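Protein chains: 4
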Amino acid sequence: MSLRREIIDVSKELLLKEGFAKLSMRKIANRAGVTATSIYLYFKNKDELLLALVEESIERLTSALKGAIDPSADPVKQLEKLTRTYVDYALENPQEYEIIYMVRPEEMPKYPREKFQQVRDIYEMIASIIRSGIEKHVLDVDDPMISAYTIWAQLHGVVSVVLSKRLDTRIPKQPFLDHAIDQIIHGFIIQRTPA
Amino acid sequence: MSLRREIIDVSKELLLKEGFAKLSMRKIANRAGVTATSIYLYFKNKDELLLALVEESIERLTSALKGAIDPSADPVKQLEKLTRTYVDYALENPQEYEIIYMVRPEEMPKYPREKFQQVRDIYEMIASIIRSGIEKHVLDVDDPMISAYTIWAQLHGVVSVVLSKRLDTRIPKQPFLDHAIDQIIHGFIIQRTPA
Amino acid sequence: MSLRREIIDVSKELLLKEGFAKLSMRKIANRAGVTATSIYLYFKNKDELLLALVEESIERLTSALKGAIDPSADPVKQLEKLTRTYVDYALENPQEYEIIYMVRPEEMPKYPREKFQQVRDIYEMIASIIRSGIEKHVLDVDDPMISAYTIWAQLHGVVSVVLSKRLDTRIPKQPFLDHAIDQIIHGFIIQRTPA
Amino acid sequence: MSLRREIIDVSKELLLKEGFAKLSMRKIANRAGVTATSIYLYFKNKDELLLALVEESIERLTSALKGAIDPSADPVKQLEKLTRTYVDYALENPQEYEIIYMVRPEEMPKYPREKFQQVRDIYEMIASIIRSGIEKHVLDVDDPMISAYTIWAQLHGVVSVVLSKRLDTRIPKQPFLDHAIDQIIHGFIIQRTPA
DNA sequence: CATGAATGAGTTTTCATTCAT
DNA sequence: CATGAATGAAAACTCATTCAT
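Going down the list, the sequences are from chains D, S, Y and C. Taking full-length UniProt numbering as reference, the numbering of the first sequence is continuous, increasing by one, and the terminal residue is 195. Taking full-length UniProt numbering as reference, the numbering of the second sequence is continuous, increasing by one, and the terminal residue is 195. Taking full-length UniProt numbering as reference, the numbering of the third sequence is continuous, increasing by one, and the terminal residue is 195. Taking full-length UniProt numbering as reference, the numbering of the fourth sequence is continuous, increasing by one, and the terminal residue is 195.
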């Protein structure tokens, strides 16, 4: 495996395990079995490395979602599938998912704003499914973009509550997730389905 | 104003503006017009200061919510009111709200676990409204706790997407919020209202 | 008890338990139940406090020794008694004894050199016993001062090895002490006794 | 010279001159002409540096002593030689000698206990000479270990009194040393020589 | 007699980064 | 492609001390 890959993987691992504050170039280097200096052969500086992490994580999430869509299927089924995939991917790849939101724009003022908005692809996918549902008259929505954004925001809320380990211990994870997804997606569909 | 207050306020301000990683005792002290040493007269160490911030922020959010509840009102109205208050408070006091979730348990292993779970009060409030709705036969829900938790998670998702400045610039904030709240609360109510 | 007394006692205790490096005004104050500021009402600064500790400790050791001497007794018996008392006192009051040697002149350049030489009293006592032994023709010594100094140095070596906890665990303390004292004092007497 | 060497040497120098309490990483670095950070390239932290100092000092003393022993020689002569060497080495290398005893176990709780007991080698050497004297019937001793330990403790007393600059100015150093060594070693030998 | 509030200088340590090789 | 040596800046924290009360 290339050293660049190794550095990225190790960084993600450390970022998730010890948090943003404790992620240091030296620790990454140690874990990767190289000198800290070597990181600079592949990344201009720490910010660029972080940017690469975020970019890759967003990219992986979106491609996981893209792979889950079958454009020929029923839009409602597509939405269900996409939602499930979103939650499953996030919970199966917590390091990838958390990294996307861990690095806040405020802390990285040098970052090109657009990089942070690659997330757009995600709700664009939701939006286009909704639009195709409208076309096929199985959905009735005023503003597909706002609806898509809403669904995404709700999904993010549910997922992040679980990942942040703030899930109340008295509440069983799986039933909560099932219930929440049902609430989000069917709540949306039922309401928006033409009578 | 007492120096203790000043330190807390300045810290919240800096925490929101520059993020967790760049919050340093010296910067806080400078901004408060005192020596870094003086902070230690009021807080044992940085962790205790951060803990104080989180505690106060949680406390303020919950008391804002408590103040918004009228137990004699219709449970459905209560839910609507609480939801609105939640979102309004979060958007009007972004520093208070973000601080609650900014400090991750992983990064603060010394924090008493319970402190992080004071957030429970929030969805306990939602749950008890739901329970009273069940008693009054205006709501029909299997598990009030899971339902409350779901509503809270969705609210958090919506709010945090706005606050994290990841809101797509093409999407107007207020309509999005209206739509999202409507989706969350009415989606829940309609579905759960006895026929 | 006066606060001055309390401060001195607490300081000695801390000095022995945690060592010179960790002795701080605040810790002393805490342990004494007062503010650090209060110490300055009784001692000009930390150096003066340390000086007071050393002075008092030397004073107590010398007066313990003085109390053990019976000038009318046989000089040899006096030497035996004095030696025993020295070792016993040091082992029974380790904090007092160690403090005398813990504060090195190099670390306290401001100290009046003479303060450190109050220890002289100790071997002056030994010397005068030796001198009376010479007068009474029970001892035969070239230079009573050098002999006294030698005895004192040897005693200090034995005592400090025990107190510094560097005594080999395989060696039983009491037999070692008995043997050492015997070696020092009888070795001296036998050799120096006129034939 | 390597920087590691330089750091150790400078540290010993400063430790002896200003004492344990005033030894700081920055001062060491300044004196060595580097940044404080550089010290951490060679020593994990301050404790490890101090440990290295103690270790090296013990090692040098013991090897000086080992070099002075001629196993084929008469045990009594060996003892005389060893004693002389001990005192000479200590007085010629005061920084090396003092460092061995300057760091108290209490102040360095993290130190491996064994490190402090490398000093054992010293009196083991004395003990084995005594044992060979017993075998050759030129010495008669109950417990060679206790005897060795006693001799060592006395030597340490004499040396440390001189090095601590508490030697009375009225007492000439060399005569005192000669007298003390004579007292220690011949006092022992005469008493313990079979009739 | 004692304190509470504050400070300035200092401590050890960690970090991102550079540069010559 | 990779390193070893080094640095300057900054971090959290501690300390002795002062001063007004």
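Glycine included, each C-beta is placed from N, C-alpha and C at the ideal position. A quick note: this is a predicted structure, and the numbers were derived from the prediction, not measured.
{"Item": "Between which two residues does the alpha helix (DSSP H) holding F20 (chain C) run?", "Value": "Note, F20 (chain C): premise wrong, no alpha helix (DSSP H); not H, not E."}
{"Item": "Here's a check: name, in chain order, each residue in its chain whose Cβ is nearer than 7 Å to the Cβ of A52 (chain S), leaving out the five neighbours to either side.", "Value": "I8, F43"}
{"Item": "If you draw a straight line from the alpha carbon of T35 (chain D) to that of E13 (chain D), how long is it in whole angstroms?", "Value": "18 Å"}
{"Item": "Taking just the CA atoms, how far does A29 (chain C) sit from A180 (chain Y)?", "Value": "44 Å"}
{"Item": "Leaving out the 5 sequence neighbours to the left and right, which residues in its chain are closer than 6 Å to S147 (chain S) when beta-carbon positions are compared?", "Value": "I130, V141"}
{"Item": "Check whether the Cβ atoms of T78 (chain S) and D70 (chain S) sit closer than 8 Å, and answer yes or no.", "Value": "Inspection of the sequence shows that residue 78 (chain S) is occupied by Gln rather than by Thr. For Q78 (chain S) and D70 (chain S), yes; Cβs fall inside 8 Å."}
{"Item": "So, does the region 19-28 of chain D touch the region 59-69 of chain D, judging by three or more C-beta pairs under 8 Å?", "Value": "no"}
{"Item": "Counting only beta-carbon atoms, is S164 (chain S) nearer than 8 Å to chain D?", "Value": "yes"}
{"Item": "Is A68 (chain D) closer than 8 Å to T85 (chain D) when the C-beta atoms are compared?", "Value": "yes"}
{"Item": "Could you tell me if G33 (chain D) is buried or exposed, where buried requires 16 or more neighbouring beta carbons within 10 angstroms of its beta carbon?", "Value": "exposed"}
{"Item": "Please report the Cβ distance between L163 (chain C) and E56 (chain C), rounded to the nearest whole angstrom; I am assuming they are in contact, meaning their Cβ atoms lie under 8 Å.", "Value": "18 Å between Cβ atoms; not a contact."}
{"Item": "Are the beta-carbon atoms of V10 (chain S) and R31 (chain S) separated by less than 8 Å?", "Value": "yes"}
{"Item": "Just tell me which of D:R120, D:K66, D:E18 has its CA closest to the CA of R166 (chain S).", "Value": "D:R120"}
{"Item": "Could you give the DSSP three-state label for D121 (chain D): helix, strand or coil?", "Value": "helix"}
{"Item": "Using three-state DSSP, classify F176 (chain S) as helix, strand or coil.", "Value": "helix"}
{"Item": "Find the residues of chain S that neighbour F43 (chain D), judging by a C-beta separation of less than 8 Å, and give them in chain order.", "Value": "Those within 8 Å of F43 (chain D) in chain S number zero; the least Cβ separation is about 18 Å."}
{"Item": "Starting from Y149 (chain D), find everything on chain S with Cβ-Cβ shorter than 7 Å and list it in chain order.", "Value": "D168, I171, F176"}
{"Item": "Under 8 Å by Cβ, that's how I've got I58 (chain D) and Q118 (chain D) pegged, so tell me the actual separation to the nearest angstrom.", "Value": "5 Å"}
{"Item": "Pick out the complete alpha helix (DSSP H) segments inside the region 129-163 of chain C, 4 residues or longer, and give them in chain order.", "Value": "144-163"}
{"Item": "Here's the rule: buried if 16 or more other CB atoms are within 10 angstroms of the residue's CB, otherwise exposed. What is M1 (chain C)?", "Value": "exposed"}
{"Item": "Can you find a C-beta in chain Y that's less than 8 Å from the C-beta of G133 (chain C)?", "Value": "no"}
{"Item": "Rank Y:P75, Y:V103, Y:N45 by C-alpha distance to the C-alpha of F188 (chain Y) and give the top, closest one.", "Value": "Y:P75"}
{"Item": "Does the beta carbon of R60 (chain Y) come closer than 8 Å to any beta carbon on chain C?", "Value": "no"}
{"Item": "In its own chain, which residues sit with a C-beta less than 8 Å from the C-beta of K66 (chain S), not counting the 5 before and 5 after it?", "Value": "M125"}
{"Item": "How about Y123 (chain C) and Y149 (chain C): are their beta carbons less than 8 Å apart?", "Value": "yes"}
{"Item": "Would S160 (chain C) and G157 (chain Y) qualify as a contact pair, given that the criterion is a beta-carbon distance under 8 Å?", "Value": "yes"}
{"Item": "Taking the alpha helix (DSSP H) that P194 (chain S) falls in, what are its first and last residues?", "Value": "P194 (chain S) -> no alpha helix (DSSP H), and no H or E assigned at all."}
{"Item": "Taking C-beta to C-beta, are I185 (chain D) and T37 (chain D) nearer than 8 Å?", "Value": "no"}
{"Item": "For G133 (chain Y), which residues from the same chain have a beta carbon less than 6 Å from its beta carbon, with the 5 sequence-adjacent residues on both sides left out?", "Value": "P75, L139"}
{"Item": "Could I get the ranges of all uninterrupted alpha helix (DSSP H) runs contained in the region 15-92 of chain S, with 4 residues as the minimum, in chain order?", "Value": "25-32, 36-42, 46-68, 75-92"}
{"Item": "Among D:I190, D:D178, D:L15, which has the Cα closest to the Cα of Q95 (chain D)?", "Value": "D:L15"}
{"Item": "Please find out if some non-hydrogen atom of the ligand ATP comes closer than 7 Å to the beta-carbon of G187 (chain C).", "Value": "Because no ligand of any kind appears in the structure shown, any question about the ligand ATP cannot be addressed here."}
{"Item": "Report the option in D:R4, D:E80, D:A127, D:L177 whose CA atom is closest to the CA atom of P144 (chain D).", "Value": "D:A127"}
{"Item": "Would you mind giving the Cβ-Cβ distance between A21 (chain S) and A21 (chain D), rounded to the nearest angstrom? I have them listed as a contact below 8 Å.", "Value": "5 Å"}
{"Item": "Looking only at its chain, what residues have a beta carbon closer than 8 Å to the beta carbon of D182 (chain C), apart from the 5 residues adjacent to it on each side?", "Value": "none"}
{"Item": "Taking C-beta to C-beta, are P172 (chain S) and H137 (chain S) nearer than 8 Å?", "Value": "no"}
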